[in-house]
Amino acid sequence: MKNKWLSLINLETKAYAHQWFFLAACGYAILIMPLTMLARHGYGPAILAVPANHAFEMLFGFALALIAGYLLGPMPRRQLALFLFFWLLARLTGLTNMATWLVLASNAVFAVLLAQQLLPRLWVAKKWRNRILAPLLGLICILSIAVSLISQSGHHELMRYLLGESVQLFALLMLFMGGRMLAPAIAGEFYRQGMELQARVQPRVEAGLIVTIIAAVILAPVSTSVSGILLITSGMLAAIRLFRWQLWHCLARPDLICLSIGYAWLAMGLIMLGSAKLDEHIHLGTAIHAITVGALGTLACNVLVRVSLLHTRQYPSHIAHILVITVCMTVAAMLRISADFSVYREILLAASAIVWSISFFIVLVILFSCLVREPIRKTAVDTSLLSMKTSKHNALR
Numbered sequence: 287m288k289n290k291w292l293s294l295i296n297l298e299t300k301a302y303a304h305q306w307f308f309l310a311a312c313g314y315a316i317l318i319m320p321l322t323m324l325a326r327h328g329y330g331p332a333i334l335a336v337p338a339n340h341a342f343e344m345l346f347g348f349a350l351a352l353i354a355g356y357l358l359g360p361m362p363r364r365q366l367a368l369f370l371f372f373w374l375l376a377r378l379t380g381l382t383n384m385a386t387w388l389v390l391a392s393n394a395v396f397a398v399l400l401a402q403q404l405l406p407r408l409w410v411a412k413k414w415r416n417r418i419l420a421p422l423l424g425l426i427c428i429l430s431i432a433v434s435l436i437s438q439s440g441h442h443e444l445m446r447y448l449l450g451e452s453v454q455l456f457a458l459l460m461l462f463m464g465g466r467m468l469a470p471a472i473a474g475e476f477y478r479q480g481m482e483l484q485a486r487v488q489p490r491v492e493a494g495l496i497v498t499i500i501a502a503v504i505l506a507p508v509s510t511s512v513s514g515i516l517l518i519t520s521g522m523l524a525a526i527r528l529f530r531w532q533l534w535h536c537l538a539r540p541d542l543i544c545l546s547i548g549y550a551w552l553a554m555g556l557i558m559l560g561s562a563k564l565d566e567h568i569h570l571g572t573a574i575h576a577i578t579v580g581a582l583g584t585l586a587c588n589v590l591v592r593v594s595l596l597h598t599r600q601y602p603s604h605i606a607h608i609l610v611i612t613v614c615m616t617v618a619a620m621l622r623i624s625a626d627f628s629v630y631r632e633i634l635l636a637a638s639a640i641v642w643s644i645s646f647f648i649v650l651v652i653l654f655s656c657l658v659r660e661p662i663r664k665t666a667v668d669t670s671l672l673s674m675k676t677s678k679h680n681a682l683r
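Heads up, my numbering is the position in the sequence shown plus 286, with the first residue counted as 1.
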């Protein structure tokens, strides 16, 4: 009884990180692409007209907010507000090009707070494949500070190189977390149909993904061709892993199909990235956008919706909007890739940005609908708490 009492009190004093950071990341995603397009034509924040700065905001602004929302879990409200404050401060000062020291400091504080909160929790894992998540996130947080510092010091070539290598680390993170989300969900659907999925997490394939991508990052300064071959290998391993999940048995689950489309973008993006490295970095930007728009955009939308719906005890498979969102994001990715091969580049870029924003606007509507349902759950908790207080009072009498 005492433990139940304490748990109910904790529910009142804590907030869920995904509710705050998912809304912030979704709102930022809606704005960042149109602002970038406006900046290209002299109407938006001038800093976004520089491709490297746009890439930084996508990776260490948008994607890092997604990581925070997904992994932080329930936290004291004041502590969570502190995290969100520094993230917002970094975004606002960065876009408005205010005091450079404030941009650097706010990015650094947020990265340090995030690492300090997550790394000890992730390091306790027993298997090395699970434990690799801690140094991977630590390296991403370090790169967030390093790239911000290098940007302020004016070493733009080094900044572009580090951003390119950071994409591979985010791809590895998506492969790891996407696989851990898809495998049990697909296995559950197999069980519901009276079947058994033999290939679930696929530890050997996952180990191969970890080794090849990390090796590709380490060897990139030494041999670009070897790094490219390793990335192609990792993309093929991701495709094999996806094939072995036998998703043709899950056609009645659009939520799983949509998640797998994001995973397929990862596999294709890594193969494209490796091929670009072998071909003297021709179409390197195209390959990077296959990962950042196709994979990151699709997986982000689906994870935002999935986590928020499950938190309010709704089933993602019953939400038709997931299909619409994923189709829109696929169109956005294809438009962005096509822009690099078309004479109508600016028109296709603008169309891609609009469709991207539409996708995240639909996600934002779903997130707000989940927030509306949340007070219903809180009312139930308050009722249980009042009932326990009444019972305790009667017992004392």
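Cβ coordinates follow ideal geometry from the N, Cα and C atoms, glycine included.
What residues match up with Pro362 in a beta bridge as DSSP calls it?
Lys300
Please specify which runs of the alpha helix (DSSP H), each continuous and at least 4 residues long, are wholly inside the segment 379-430, giving them in chain order.
386-409, 414-417
Take every Cβ of the segment 340-351, pair it with every Cβ of the segment 401-420, and state whether three or more of those distances are shorter than 8 Å.
no
Among the residues of its own chain, which have a CB less than 6 Å from the CB of Ser594, if the five just before and after it don't count?
Leu653, Cys656
Distance, Ile431 Cα to Cys536 Cα:
42 Å
Label Pro686 either buried or exposed according to how many other C-beta atoms from any shown protein chain fall within 10 Å of its C-beta, with 16 as the threshold for buried.
Any property of residue 686 remains undetermined from this structure, which presents the chain solely from 287 to 683.
On the three-pair Cβ rule with 8 Å, is the segment 387-398 touching the segment 616-632?
no
Beta-carbon proximity list for Leu458, same chain, < 6 Å, skipping 5 on both sides
Ile499
So Ile557 and Met522 are in contact, right, with Cβ under 8 Å, and what is the actual spacing, rounded?
7 Å
CB-CB length for Gly514 against Gly560, believed under 8 Å:
4 Å
Is the separation between the beta-carbon of His569 and that of Ala562 shorter than 7 Å?
yes
Do Met323 and Trp642 have their C-beta atoms closer together than 7 Å?
no
Helix, strand or coil for Gln454? Go by DSSP, reduced to three states.
helix
Can you find the residues in the same chain that come closer than 8 Å, C-beta to C-beta, to Ile496, ignoring five residues on each side of it along the sequence?
Arg415, Ile418, Leu458, Phe462
Enumerate in chain order the residues of its own chain whose CB-to-CB distance from Gln305 is below 7 Å, with the five nearest sequence positions on each side excluded.
Leu657
Can you tell me which of the three DSSP states Ala539 falls into?
It should be pointed out that residue 539 corresponds to Arg in this sequence rather than to Ala. Correct three-state label for Arg539: coil.
Between which two residues does the alpha helix (DSSP H) carrying Ser520 extend?
510-530
Tell me whether Gly330 sits in a helix, a strand or coil according to DSSP, three-state version.
coil
Ordered list of alpha helix (DSSP H) runs contained in the segment 550-582, each at least 4 residues:
570-575
For Thr598, which of helix, strand or coil comes out of DSSP?
coil
If contacts are defined as beta-carbon pairs under 8 Å, then Val503 and Leu455 qualify, I think. What distance do you get, rounded to the angstrom?
7 Å
By the three-class DSSP mapping on this structure, what secondary structure does Tyr447 have?
helix
Do Met445 and Val453 count as a contact pair if the criterion is CB distance below 7 Å?
no
Taking only the alpha-carbon atoms, compute the straight-line gap between Ile696 and Leu582 and give it to the nearest angstrom.
Only positions 287 to 683 of the chain appear in this structure, which leaves residue 696 out of reach.
For Tyr302, count the other beta carbons within 10 Å of its own beta carbon; 16 or more makes it buried, fewer makes it exposed. Which is it?
buried
Identify which residue in Ile353, Gly480, Glu451 has its Cα closest to the Cα of Ala420.
Ile353
Among Leu483, Val512, Ala573, Thr578, which one has its Cα closest to the Cα of Trp534?
Leu483
Mark Leu468 as exposed unless 16 or more other C-beta atoms lie within 10 angstroms of its C-beta, in which case mark it buried.
buried
Identify whether Pro489 lies in helix, strand or coil by the three-state DSSP scheme.
helix
Of the residues Lys412, Gly440, Ala401, the one placed nearest Leu422, counting alpha carbons only:
Ala401
Helix, strand or coil: which one does DSSP assign to Ala501?
helix
Does DSSP classify Gln305 as helix, strand or coil?
helix
Residues in the same chain with beta-carbon distance under 6 Å from Thr299, minus the five sequence neighbours each way, listed in chain order, please.
none
Just verifying my parser: in three-state terms, what is the DSSP assignment at Ala506?
coil
Just confirm the distance between the C-beta atoms of Ala397 and Gly355, as a whole number of angstroms; I'd bet it's less than 8 Å.
Not confirmed; about 15 Å, so no contact.
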